[in-house]
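In UniProt numbering, the protein residues as written are 1 to 209.
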Amino acid sequence: MYREFFWDFDGTLFDTYPGMVKAFVQVFADKGFDLDEEEVYKRMRQTSLGKTFKFYCEQTDLEDPQKMRLLYNPIEEKLESQMHPFVSVKEVLQKVVDDGGHNYLMTHRNQSSLSMLAEFDLKKYFTDSVTAEKKFPRKPDPASLNSLVDKYHLNPQECVMVGDRVLDIEAAHNAKMAGILFDLDDLIVEPVTPEHRVHKVSEILQWIK
């Protein structure tokens with residue numbers, strides 16, 4: 001049972017992967033390469049967006065992944081209006097707050113994540129957030145998690161990180177807290193030992209203290 005919930009954004013709170021994959025494939029199509037959307041999605045879920053850029057840039061002998069990322073960002077931003085929260089996200093966030101706990105956003109995405117939360121009237125459930133603008137080392141480095149644990153004097157044993165990738169669980173464990181892996185389509189195959197693995201956000205309700 002947990003009181004303090006740290007949430008990843010992409011693929012955990014919001015179903016952003018369709019837009020991310022579409023933007024990713026478009027960037028490479030503009031360079032003359034047709035990628036398989038399903039394969040791109042799997043690689044994003046099993047690794048990270050940055051590693052996916054690195055992989056396909058090496059495969060296609062294209063320019064620097066960072067340059068491709070700069071081309072990707074404005075395309076992806078235009079698709080944000082199509083992104084929405086997963087079923088039961090509001091119910092779970094509200095339950096955490098109603099039971100005396102707190103929610104914290106922990107994402108590599110920029111401030112657009114907060115805008116999307118606000119659009120769906122979800123931002124009010126969050127006590128604090130760490131977005132890309134704060135320049136913390138990327139997960140699985142625990143620095144961003146530790147910063148909020150220290151700021152709010154939290155007990156790591158009452159904390160849990162919820163995310164859809166291995167790096168989220170590794171970050172949680174590096175911060176001495178538990179991890180819940182949201183693996184809706186059973187794509188995470190590499191060794192990872194989350195305290196809990198769920199296929200629906202609603203399953204998290206049972207662990208709210």
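Where a beta carbon is used, it is the ideal one built from N, C-alpha and C, also for glycine.
Small disclaimer: the values here were computed from a predicted structure and weren't measured.
Within the segment 136-208, the complete beta strand (DSSP E) segments at least 3 residues long are 159-163, 178-182 and 196-198, listed from N- to C-terminus. Just measuring C-alpha positions, the residue of D10, H108, E38 and V87 sitting nearest A143 is H108. Listed in chain order, the non-local C-beta contacts of H199 below 6 Å within the same chain comprise L184, local neighbours out to five positions each way being set aside. Between F14 and M161, the C-beta gap is not smaller than 8 Å, which leaves the two residues out of contact. For E76, no beta strand (DSSP E) encloses it; the enclosing alpha helix (DSSP H) starts and ends at P65 to K78.
Here H108 is not bridged, per DSSP, to any residue. F6 places its beta carbon 8 Å or farther from that of L122.
DSSP places E37 in the uninterrupted alpha helix (DSSP H) bounded by E37 to Q46.
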